[in-house]
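For the sequence shown, the tail end lands on 216 under the working numbering, and the numbers increase by one without skipping.
Working notes, structure below.
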Amino acid sequence: MVSELIEVKDVFKSFKDVKAVNGLSFSVQQGQFLALLGPNGAGKTTMVEMIEGIQFPDSGEIFIDGKTWQNHQDEIHRIIGISLQETRFTDKLNVRETLTLFASFYGLGKNRVDEVIDLVNLDEKRKSYVVNLSGGQRQRLALGIALLNKPMILLLDEPTTGLDPTARREVWAILRRLKEEEKTSLILTTHYMEEAEQLCDHIIIIDHGKIL
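As structure tokens, this is what we get:
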């Protein structure tokens, strides 16, 4: 494992005439939490999607634990966990069934499902259908799915948008525990300055695809 788990080197990405990402460079070490802040359309989500392997740069390089998506896709999938701003799950599966489904993709058993239910504080809701969960409970379920494979790197796109203050702090507590106990690295996009200040070691402010 390399010391810098994520390295972004002079990355550019355009969509027609729009330069979404305009020469970004930064790195994240093991156990570091990094926040990407900026207005809508600043290039944050595009940058995160390139780190996730959903999009590819027009130029520049991205290394995940010293590896690239082009050459090491399977290895990178095993070490990252992703939670999007809004995630849809099957309404008529309960919490435990939903986690068991996603755990099966990694060949993981019931023990890991139960560990994750405990980690994201959903024990009382394990038999509740997804359709009956609150917004905060759904976000904790999404986070639990991202954590099933014990990822070294978490990528969270506005994970607490729309949550009330109590639900937001519950998510923060889970992330702090991961940092302390698992030395997880995190890239977080958020509009909440308080969230970035509470959680992150470093903050990068982006506008028009550039670091300010």
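A virtual CB, placed ideally from N, CA and C, is assigned to each residue, including glycine.
Source: prediction; values computed, not measured.
| task | Pull up the CB-CB distance for K129 and V99, whole angstroms please, since I reckon it's below 8 Å. | result | Locating residue 129 in the sequence shown gives position 125, counting from the first residue. Locating residue 99 in the sequence shown gives position 95, counting from the first residue. That pair is a contact at about 5 Å.
| field | Inter-residue spacing [alpha-carbon to alpha-carbon] between V117 and T104 | value | The residue you call residue 117 lines up with position 113 of the sequence shown. The residue you call residue 104 lines up with position 100 of the sequence shown. C-alpha separation (whole angstroms): 6 Å.
| Going straight from the alpha carbon of K13 to that of N136, what length do you get? | In the sequence shown, counting from the first residue as 1, residue 13 sits at position 9. In the sequence shown, counting from the first residue as 1, residue 136 sits at position 132. Approximately 44 Å, taken between the alpha carbons.
| Outcome for V134 when other beta-carbon atoms lying within 10 angstroms are tallied against a minimum of 16 | Residue 134 sits at position 130 when you count from the first residue of the sequence shown. By the 10 Å Cβ count, V134 comes out buried.
| message | My output table needs one value for I58: the three-state DSSP class, helix, strand or coil. | response | Here residue 58 refers to the residue found at position 54 when the sequence shown is read from its first residue. Here I58 sits in coil by DSSP.
| Residue interval of the alpha helix (DSSP H) (run including T104) | Start at 1 with the first residue of the sequence shown, and residue 104 comes out as number 100. Per DSSP, T104 is one residue of the alpha helix (DSSP H) stretching across 99 to 109.
| task | Measuring alpha carbon to alpha carbon, tell me which of I178, P61, L160 ends up nearest T91. | result | For this step, residue 91 is matched to residue 87 along the sequence shown. T91 has its Cα closest to that of L160, out of I178, P61, L160.
| said: Please state the DSSP three-state secondary structure of G3. | reply: Shown here, the chain extends from 5 to 216; a query on residue 3 therefore has no answer.
| At which residues does the alpha helix (DSSP H) containing L151 begin and terminate? | Counting from one through the sequence shown, the residue named residue 151 turns up at place 147. Judged by DSSP secondary structure, L151 falls within the alpha helix (DSSP H) whose first and last residues are 139 to 151.
| request: Please look up how many angstroms separate the CB atoms of Q34 and S189, rounded, as I've assumed it's under 8 Å. | output: Residue mapping note: residue 34 aligns to position 30 of the sequence shown, counting from 1. Residue mapping note: residue 189 aligns to position 185 of the sequence shown, counting from 1. Between S189 and Q34 the Cβ distance is about 6 Å, and since that is below 8 Å, they are a contact.
| request: Check the C-beta distance from E65 over to K71 and give it rounded, since I have them as a contact under 8 Å. | output: In the sequence shown, the residue the question calls residue 65 occupies position 61. In the sequence shown, the residue the question calls residue 71 occupies position 67. That pair is no contact at about 11 Å.
| query | Do the region 164 to 173 and the region 9 to 24 make contact, defined as three or more Cβ pairs closer than 8 Å? | reply | no
| request: Run the proximity test for R172: is its beta-carbon closer than 7 Å to any non-hydrogen atom belonging to the ligand NAP? | output: Looking at this structure, you won't find the ligand NAP or any other ligand, since it has none at all.
| Where does H206 fall in DSSP's three states? | For the purposes of this step, residue 206 is taken as residue 202 along the sequence shown, with counting starting at 1. Looking at H206 - three-state DSSP - the assignment turns out to be strand.
| field | Neighbourhood of G47 by C-beta distance below 6 Å, restricted to the same chain and skipping five residues each side | value | Looking up residue 47 in the sequence shown gives position 43. Once the five neighbours on either side are set aside, the close Cβ partners of G47 are A24, V25, I210, G213.
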